[in-house]
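First to last, the sequence lines map onto chains W and P. Letter 550 of the first sequence, counting from 1, is numbered 654 in the working numbering, and no numbers are missing. Letter 71 of the second sequence, counting from 1, is numbered 77 in the working numbering, and no numbers are missing. Glycine is no exception: its CB is placed at the ideal position from the N, C-alpha and C atoms. Note that the coordinates shown come from a computational prediction; the quantities given were computed from them, not determined experimentally. Structure first, then comments.
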Amino acid sequence: MIKLVALIPLFPLLGFLINGFFGKKISKGLSGAIASVSVLASFVVALLIFFELEHSAVKTHVVTVFSWINSDTLKIPFEFLVDPLSSLFLLIITGIGFLIHIYSMGYMHDDEGFARFFTYLNLFVFFMLLLVLGNNYLIMFVGWEGVGLCSYLLIGFWFKNTEYNNAAKKAFIMNRVGDLGFLLGIMLIFVTFGSITYGDVFSIASSGNEATVTAIALLLFIGAMGKSAQLPLYTWLPDAMAGPTPVSALIHAATMVTAGIYMIVRSNVFYSMSEVASETVAVVGVATALFAATIGLFQNDIKKVLAYSTVSQLGLMFLGLGVGAYSSSVFHVTTHAFFKALLFLGAGSVIHAMGGEQDMRKMGGLWKHLPITGKTMALGTLAISGFPFLSGFFSKDEILAHTYEHSPVLWFFGMVTSMLTAFYMFRLFFLTFFGKFRGTHEQEHHLHESPGSMTMPLIVLAILSVAGGLLGLPEFWHQTNWISEHLSPIIMHKSPSTLPHDTEWMLMGIATFSALTIIYIAYVIYMQRNIRPLPEGAKMPFIQRVIYNKYYVDELYNAIIRKPLDAISGILHKYVDEQIIDGIVNGVGTTVNGISSVVRKAQTGHIGVYIFSMVIGIVLILFFTFIK
Amino acid sequence: MLNGIPINFYIMLSAVLFIIGVVGVMARRNAIIIFMCVELMLNAVNLLLVAFSTLHQDANGQVFVFFIMAVAAAEVAVGLAILSMVYRNFKTIDIDLLSRLKN
Numbered sequence: 105m106i107k108l109v110a111l112i113p114l115f116p117l118l119g120f121l122i123n124g125f126f127g128k129k130i131s132k133g134l135s136g137a138i139a140s141v142s143v144l145a146s147f148v149v150a151l152l153i154f155f156e157l158e159h160s161a162v163k164t165h166v167v168t169v170f171s172w173i174n175s176d177t178l179k180i181p182f183e184f185l186v187d188p189l190s191s192l193f194l195l196i197i198t199g200i201g202f203l204i205h206i207y208s209m210g211y212m213h214d215d216e217g218f219a220r221f222f223t224y225l226n227l228f229v230f231f232m233l234l235l236v237l238g239n240n241y242l243i244m245f246v247g248w249e250g251v252g253l254c255s256y257l258l259i260g261f262w263f264k265n266t267e268y269n270n271a272a273k274k275a276f277i278m279n280r281v282g283d284l285g286f287l288l289g290i291m292l293i294f295v296t297f298g299s300i301t302y303g304d305v306f307s308i309a310s311s312g313n314e315a316t317v318t319a320i321a322l323l324l325f326i327g328a329m330g331k332s333a334q335l336p337l338y339t340w341l342p343d344a345m346a347g348p349t350p351v352s353a354l355i356h357a358a359t360m361v362t363a364g365i366y367m368i369v370r371s372n373v374f375y376s377m378s379e380v381a382s383e384t385v386a387v388v389g390v391a392t393a394l395f396a397a398t399i400g401l402f403q404n405d406i407k408k409v410l411a412y413s414t415v416s417q418l419g420l421m422f423l424g425l426g427v428g429a430y431s432s433s434v435f436h437v438t439t440h441a442f443f444k445a446l447l448f449l450g451a452g453s454v455i456h457a458m459g460g461e462q463d464m465r466k467m468g469g470l471w472k473h474l475p476i477t478g479k480t481m482a483l484g485t486l487a488i489s490g491f492p493f494l495s496g497f498f499s500k501d502e503i504l505a506h507t508y509e510h511s512p513v514l515w516f517f518g519m520v521t522s523m524l525t526a527f528y529m530f531r532l533f534f535l536t537f538f539g540k541f542r543g544t545h546e547q548e549h550h551l552h553e554s555p556g557s558m559t560m561p562l563i564v565l566a567i568l569s570v571a572g573g574l575l576g577l578p579e580f581w582h583q584t585n586w587i588s589e590h591l592s593p594i595i596m597h598k599s600p601s602t603l604p605h606d607t608e609w610m611l612m613g614i615a616t617f618s619a620l621t622i623i624y625i626a627y628v629i630y631m632q633r634n635i636r637p638l639p640e641g642a643k644m645p646f647i648q649r650v651i652y653n654k655y656y657v658d659e660l661y662n663a664i665i666r667k668p669l670d671a672i673s674g675i676l677h678k679y680v681d682e683q684i685i686d687g688i689v690n691g692v693g694t695t696v697n698g699i700s701s702v703v704r705k706a707q708t709g710h711i712g713v714y715i716f717s718m719v720i721g722i723v724l725i726l727f728f729t730f731i732k
Numbered sequence: 007m008l009n010g011i012p013i014n015f016y017i018m019l020s021a022v023l024f025i026i027g028v029v030g031v032m033a034r035r036n037a038i039i040i041f042m043c044v045e046l047m048l049n050a051v052n053l054l055l056v057a058f059s060t061l062h063q064d065a066n067g068q069v070f071v072f073f074i075m076a077v078a079a080a081e082v083a084v085g086l087a088i089l090s091m092v093y094r095n096f097k098t099i100d101i102d103l104l105s106r107l108k109n
């Protein structure tokens, strides 16, 4: 079965081609079904491969598909790598991808771009699978750019809206910055180690000197910053919420944005060799986590809250990577994919019921109208807040425990982030589902539970969000932590936890206690005291106003990057382009005109003159040939 | 020495013929006369080729002459055809009046 791994990306590619070429000719149901079935088929193959790998003694299988680039010293075969890390990511991508495809069939039902939507979605799944399956950095890069393209297409899916188009462009351009770092990193790897195939590079990585390895690790991390929305390249992700909600769930929460984490876990050998790079990853991660979590506190758009929450959770994952807890981060990627996809899809269901309204100030009291959405979202909210024994509790706790071992200061900030997370998530939950309905009468009449195609994925994801923690039960419970066992073959330098068990119990106690306290505080504020977010344009205290305006980061980037660029472009346009370049081009034309208006006079049209000049010419030629 | 006549005489004759041709081409305005002068130049060259061919006992020169005669015949055919068309259209073959290329 592992030999057939190429089937996994092939199915979505087929779905993409069918929907891309014939999408307009076939019915909506058929085009949705083709897209969903193609991802389901990949999921089944991925599942079979996963179990085969689980039972096989060899944990790394390389499957050569064809010889790709073959030129002197640069030999890059097109190979797929099946190992514990890629097999796990395959399951997340195809599994959650399939659920979201089903959901989209309900969500996008009335959209005229239905087939186009599924075309992009299948193409995205294809590139994402390529990204995690490739056996060298170049295939990863192809997938990396491909998902970026699909992200751009899907954010700007409703392309008649200029603002959405701008959001798409913003995402694409911000990612370009990161991608340049990634590309330079790959080149440096090739120059240093003479290969970009994972196995070759990692086996000789220890021969590289520390400065080079640090440079490689930092360059790759710049790539991860762009794709996984870390400071300072995160601003595209909240804007990316312009895309349809299933896209936000699949691309901007569960899969694409975790590509950066996948890449760093894959290259863990570089990071474990370089103290500087690891520290950078940890600090950037925790800073992003805290920063985004505070912004999330005052957002009123339901999807924006979730977007900042995603940025913040990704920051936590990078914190885990930075402190060397690679398997914990992958664990958090997995559980986060479950509950964040659930929350986004739930939010989509709410938006669907509200007729497109995303502002939480206009919602409220939806619990009785949307029973399934409400209950599943409650489970998702509890899971992300770290409520005991749900999936987020275990994964977040594992990252924080490793962080505590590494540095209590970072742990403290991580802890604050997770408390803020619990707060803004419950704020979202209470504002949306409880209290009085604050929308228009029309909207109130329209309220309805979403169709089965949308609630079914919610229920499945809710079950996964609750039970996902079983994948990585903590070791100090005298259990095998399945996920860290599973990933151990690909982590080069393991640092077994030396934390005493009572410290771990204490950390878990603190986390549980703080989560429950915060949930209670949110309950008091938004349920008992009925405090509501301020309307647009209301006077706010200074700090709240700064945070509400996202710390003015977009304005700052505008002022220090866009405005100077505009000014420089203006100058270049006015002087270099219009005067120098246009001057040269027009000058060439004028010169030729001028010369020819003089030379043209030699062409008298009199045959006698031509003959005469011909004779003179011949005499001169003879003269110079023989007299010389 | 060819037939008792020194080679210099041939060269002189051929040079005189050639110069008559050149002057004729440059000075005359009638296209047919110009044409005849061109032929005169060709034959001046032919004469020279034949003379040297005999002098050096080498047949190559005579081969050239045959080629030149063949090409000249073809050229005359084309040239006279053009001239007759020119005459039909302009009722003249004075080259100074054929200055339509200008402007």
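Counting only beta-carbon separations shorter than 8 Å, does P/L54 have a partner in chain W?
It does not; no Cβ of chain W falls within 8 Å.
If we define contact as Cβ-Cβ less than 8 Å, is W/P703 a contact residue for chain P?
For the sequence presented, residue 703 of chain W should be read as Val rather than Pro. No, no contact with chain P.
Which residues in the same chain have their Cβ closer than 7 Å to the Cβ of W/F230, if we skip the five residues on either side of it in sequence?
Answer for W/F230: P113, P116, L117, F120, listed in chain order.
CA-CA distance, W/N174 and W/F182?
Those two C-alpha atoms are separated by around 11 Å.
Verify the CB distance criterion: does P/M42 have a CB-CB separation below 8 Å to chain W?
It does not; no Cβ of chain W falls within 8 Å.
At a CB-CB cut-off below 9 Å, which residues of chain C make contact with P/M32?
In the structure shown, chain C does not exist; the protein chains are W and P.
May I ask you to report which of helix, strand or coil DSSP gives W/L284?
W/L284: helix per DSSP, three-state reduction.
Within this structure, are the beta carbons of W/L620 and W/F498 separated by less than 8 Å?
No. Outside cutoff.
Going by C-alpha to C-alpha distance, which of W/F527, W/M610, W/V689 sits closest to W/V628?
Among W/F527, W/M610, W/V689, the Cα nearest to that of W/V628 belongs to W/F527.
Mark W/R280 as exposed unless 16 or more other C-beta atoms lie within 10 angstroms of its C-beta, in which case mark it buried.
Exposed, by the Cβ-count rule.
Under 9 Å Cβ-Cβ, which residues of chain W neighbour P/L23?
Going along chain W, no residue has its Cβ under 9 Å from P/L23, so there is no contact; the nearest lies around 16 Å.
Measure the beta-carbon distance from W/L446 to W/G419 and round it to whole angstroms, keeping in mind my assumption that it falls under 8 Å.
About 20 Å; that fails the 8 Å criterion.
Counting only runs that start and end within the region 394 to 443 of chain W, where is the alpha helix (DSSP H) found for 4 or more residues in a row?
Here the runs fully enclosed are 406 to 426.
Considering only C-alpha positions, which residue in the set W/A626, W/V388, W/N585 is nearest to W/F533?
Nearest of W/A626, W/V388, W/N585 to W/F533, Cα basis: W/A626.
When the Cα atoms are used, what is the spatial distance from P/I74 to W/I688?
If I take the Cα positions, the gap works out to 52 Å.
Beta-carbon of P/V4 versus every beta-carbon of chain W: anything under 8 Å?
Absent from the model: residue 4 of chain P. The displayed extent of chain P is 7 to 109, so no value can be given.
Name the chain W residues whose beta carbon is nearer than 7 Å to that of P/D64?
Near P/D64 there are no residues of chain W at all, since even the closest Cβ is about 22 Å away, more than 7 Å.
Using only alpha-carbon positions, find the residue among W/G285, W/I300, W/F221, W/D283 that is nearest to W/T263.
Checking the displayed sequence, the identity of residue 263 of chain W turns out to be Phe instead of Thr. Comparing Cα-Cα distances from W/F263 to each of W/G285, W/I300, W/F221, W/D283, the minimum goes to W/F221.
Could you check how far apart the C-beta atoms of W/T349 and W/F448 are, in whole angstroms? I think they sit under 8 Å.
So it is a contact: roughly 6 Å between Cβ atoms.
For P/I13, collect the residues of the same chain with a Cβ closer than 7 Å to its Cβ; drop the 5 residues on either side in sequence, then sort them by chain order.
Cβ within range, chain order: A57, L61.
Please list, in chain order, all residues of the same chain as W/I368 whose beta carbon is under 6 Å from its beta carbon, the five residues on each side excluded.
Same-chain partners within the cutoff: A328, L425.
Run through DSSP, which three-state label would W/P336 get?
Here W/P336 sits in coil by DSSP.
Whose Cβ in chain W lies nearer than 9 Å to the Cβ of P/L104?
Under the 9 Å cutoff, chain W gives G709, H710, I711.
Quick check: is the beta carbon of P/I17 nearer than 8 Å to any beta carbon in chain W?
Cβ-Cβ to chain W under 8 Å: no for P/I17.
Using 8 Å as the cut-off, can you tell me whether the region 153 to 168 of chain W makes contact with the region 556 to 568 of chain W, which would need three or more C-beta pairs spanning the two stretches below that distance?
Contact between the region 153 to 168 of chain W and the region 556 to 568 of chain W is absent, because fewer than three Cβ pairs lie under 8 Å.
Can you find a C-beta in chain W that's less than 8 Å from the C-beta of P/Q39?
Note that residue 39 of chain P is Ile in the sequence shown here, rather than Gln. For P/I39, the answer is no, since every Cβ of chain W falls outside 8 Å of its Cβ.
Suppose you measure from the CA of W/A396 to the CA of W/M467; what does that come to, to the nearest Å?
Each residue's alpha carbon lies about 24 Å from the other.
Could you pull the DSSP bridge partners for P/N36 from this structure?
Its beta-bridge partners are P/D100.
Assuming W/G389 and W/L341 form a contact by the criterion Cβ under 8 Å, report the distance between their Cβ atoms to the nearest whole angstrom.
The Cβ separation is near 15 Å, so there is no contact.
Tell me which residues share the same chain as W/D501 and place their Cβ nearer than 6 Å to its Cβ, disregarding the 5 neighbours each side in the sequence.
Result list for W/D501: M612, A615, in chain order.
Just the chain W side, please: which residues come within less than 9 Å of P/I101 by C-beta, in chain order?
Near P/I101 (Cβ distances below 9 Å), the residues of chain W are H710, I711, G712, I715.
Which residues of chain W have a Cβ atom closer than 7 Å to the Cβ of P/V51, listed in chain order?
Result: empty, since nearest Cβ-Cβ is about 13 Å, beyond 7 Å.
Does W/H159 come out as helix, strand or coil in the three-state DSSP assignment?
Looking at W/H159 - three-state DSSP - the assignment turns out to be helix.
Does any residue of chain W have a CB that is nearer than 8 Å to the CB of P/V92?
Not an interface residue.
Of all the options W/G238, W/G452, W/M212, W/F126, which has the alpha carbon lying nearest to the alpha carbon of W/V166?
When only C-alpha atoms are compared, the closest one is W/G238.
With a Cβ-Cβ cutoff of 8 Å, do W/H456 and W/Y211 count as a contact?
Against a cut-off of 8 Å, the Cβ pair of W/Y211 and W/H456 comes out as a contact.
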